[in-house]
Amino acid sequence: MAPHVQGGQDDANSVSSAFEILYEDNHLLGIVKPVNVPVQEDATGDNDVLTLLKEDVKKRCNKPGNVYMGLVHRLDRPVGGAMIFAKTSKAASRLSDSVRTHSFRKVYLTVVHGKPPALSGRLVDTLLKDSATNTVSVVRKGTPGGKEAILDYTVLGTAEGYSLLKIDLLTGRSHQIRVQLSSIGCPLYGDQKYGAAVNKPGQQIALWSSVVAFPHPVTKDEIELISLPPQSFPWNLWAQELQKQAVR
Numbered sequence: 001m002a003p004h005v006q007g008g009q010d011d012a013n014s015v016s017s018a019f020e021i022l023y024e025d026n027h028l029l030g031i032v033k034p035v036n037v038p039v040q041e042d043a044t045g046d047n048d049v050l051t052l053l054k055e056d057v058k059k060r061c062n063k064p065g066n067v068y069m070g071l072v073h074r075l076d077r078p079v080g081g082a083m084i085f086a087k088t089s090k091a092a093s094r095l096s097d098s099v100r101t102h103s104f105r106k107v108y109l110t111v112v113h114g115k116p117p118a119l120s121g122r123l124v125d126t127l128l129k130d131s132a133t134n135t136v137s138v139v140r141k142g143t144p145g146g147k148e149a150i151l152d153y154t155v156l157g158t159a160e161g162y163s164l165l166k167i168d169l170l171t172g173r174s175h176q177i178r179v180q181l182s183s184i185g186c187p188l189y190g191d192q193k194y195g196a197a198v199n200k201p202g203q204q205i206a207l208w209s210s211v212v213a214f215p216h217p218v219t220k221d222e223i224e225l226i227s228l229p230p231q232s233f234p235w236n237l238w239a240q241e242l243q244k245q246a247v248r
C-alpha cells in the first residue's frame with residue numbers, strides 16, 4: 001500500500017527543520033516549498049530552496065563537508081507546496097527516470113477567475129518560451145521550438161466569480177498551468193504575468209503543489225506526498241475538507 005504522507009515525517013531527524021518535512025529517509029527528502037522562494041539559485045541572488053535544504057540537512061544531521069541534494073522537479077518561484085528532493089545521486093537518477101517514464105505524478109490545486117467551459121476536461125496546447133522575457137505563449141502546433149503541453153482539470157467548486165480547480169499535470173512545461181488556463185479565459189488568481197488585467201499587484205498567486213507521487217527509487221514502494229494550501233483568501237472560499245478529498 002502506498003504511504004500517504006501529509007504534514008509529517010518518516011524517519012526524519014528529531015532536530016527541528018527550517019522546512020515543513022513531509023517525508024525523509026536516507027534517500028529522499030520531501031518538503032513543503034515556501035511561496036516566493038526560488039527553487040534554485042537565480043539572478044536575484046535571493047536565498048533558494050536547494051541551498052537552504054543543504055544547509056538544513058548539514059545542521060540537523062551533523063554532516064561534515066558538502067551535502068548532496070538532487071533537484072528532480074521544479075516549481076515556479078511564487079508557487080508553494082509539496083516537493084521531493086534526492087539525497088543521493090542514485091536516487092536522483094532513478095527519480096529522473098520516473099519523470100521521463102511518466103510514473104511521477106503531480107497534482108495541483110488552483111483558483112482561477114471565471115469558470116472553464118466544462119466541469120472537467122483536457123487541455124492540449126503547444127507552448128513556446130521566450131527566454132528574453134521569461135514568458136510562455138500558446139502557439140500553433142508545429143511552431144519551431146514549441147513543446148506539447150497536456151493537463152487534465154476538474155472544477156471542484158465555484159464562488160464569488162472564482163473557480164477552484166484540481167489539475168493533473170501530464171507534462172512539465174515552464175509556466176504550463178498558468179499559460180494554458182489563461183488561454184481559455186481563466187487566469188489564475190494573483191498571476192501578474194498571465195492575468196494582469198484581472199489581478200492586482202501584490203496578490204499571491206493561487207497555485208499549490210498538492211500531490212507528488214512516485215515509486216521509491218530503492219524500495220519501489222509508492223510514495224505520495226500531500227500538502228494543502230494555506231487557508232487564506234481565496235483558498236478559504238471552499239472548505240479545506242473539499243480540498244483534502246480532492247487530492248486523495
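In UniProt numbering, the protein residues as written are 1 to 248.
C-beta atoms are modelled at their ideal positions from N, C-alpha and C, and glycine is treated no differently.
At a Cβ threshold of 7 Å, is residue i touching chain B?
i	result
Ser120	Looking at the structure shown, chain B is missing, and only one protein chain is on hand.
Quick one: give me the first and last residue of the beta strand (DSSP E) that residue i is part of.
i	result
Arg122	120-130
Glu222	222-226
In chain order, what residues of the same chain lie with their CB nearer than 8 Å to the CB of residue i, ignoring the 5 residues before and after it?
i	result
Leu50	Val39, Gln40, Glu41, Met69, Leu71, Phe85
Leu169	Lys106, Val107, Tyr108, Leu151, Gln176, Ile177
Ser103	Phe214, Pro215
Using the Cα positions of residue i and residue j, report the straight-line distance between them to the nearest angstrom.
i	j	result
Gly7	Gln180	Model confidence at Gly7 stands at a pLDDT of 44, short of 50, so the residue's coordinates are unreliable; what they give is reported in the following sentence. The straight-line gap from Cα to Cα measures roughly 30 Å.
Thr143	Thr126	8 Å
Tyr153	Ala118	9 Å
Lys33	Ala82	6 Å
Ser232	Leu75	20 Å
Ser14	Glu20	Residue placement at Ser14 is poorly supported in this model, since its pLDDT is 41, which falls under 50; the coordinates are not used for a value here.
Ala18	Val37	13 Å
Gly145	Lys59	43 Å
Leu237	Ala159	7 Å
Lys54	Gly161	42 Å
Ala196	Gly185	12 Å
Val57	Leu22	14 Å
Asp97	Val212	15 Å
Cys61	Leu52	14 Å
Asp130	Val138	11 Å
Hey, out of the options, whose CA is closest to residue i's CA?
i	options	result
Gly202	Tyr189, Lys54, Ala213, Phe214	Tyr189
His73	Thr171, Asn66, Ala196, Gln245	Thr171
Ile226	Pro217, Ser210, Gln240, Trp235	Ser210
Ala246	Val138, Lys166, Lys63	Lys166
Asp221	Gly65, Leu53, Thr133, Leu95	Leu95
Pro116	Glu241, Lys244, Ala197, Ser182	Ser182
Leu207	Ile223, Ala149, Leu228, Ala196	Leu228
Thr44	Gly185, Arg77, Val35	Arg77
Asp48	Asn199, Gly80, Cys61	Gly80
Leu164	Lys200, Leu128, Ala149, Leu242	Leu242
Which residues in the same chain have their Cβ closer than 6 Å to the Cβ of residue i, if we skip the five residues on either side of it in sequence?
i	result
Val218	His27
Arg248	none
Arg122	Asp152
Got a sec, what are the start and stop residues for the alpha helix (DSSP H) residue i sits in?
i	result
Ile177	176-183
Asp97	89-100
Ala246	240-246
If I measure Cβ to Cβ from residue i and keep anything under 7 Å in the same chain, skipping five residues before and after, which residues do I get?
i	result
Val67	Lys54, Val57, Lys58
Asp191	Arg178, Asn199, Ile205
Next on the checklist: Using a Cβ distance threshold of 8 Å, determine whether the stretch 84-103 contacts the stretch 25-40, with at least three qualifying pairs required.
Outcome noted: The stretch 84-103 makes contact with the stretch 25-40, as at least three CB pairs between them are under 8 Å.
Item to check | Segment contact flag, the stretch 170-180 with the stretch 98-110, C-beta cutoff 8 Å, min 3 pairs | outcome: Yes, the stretch 170-180 is in contact with the stretch 98-110.
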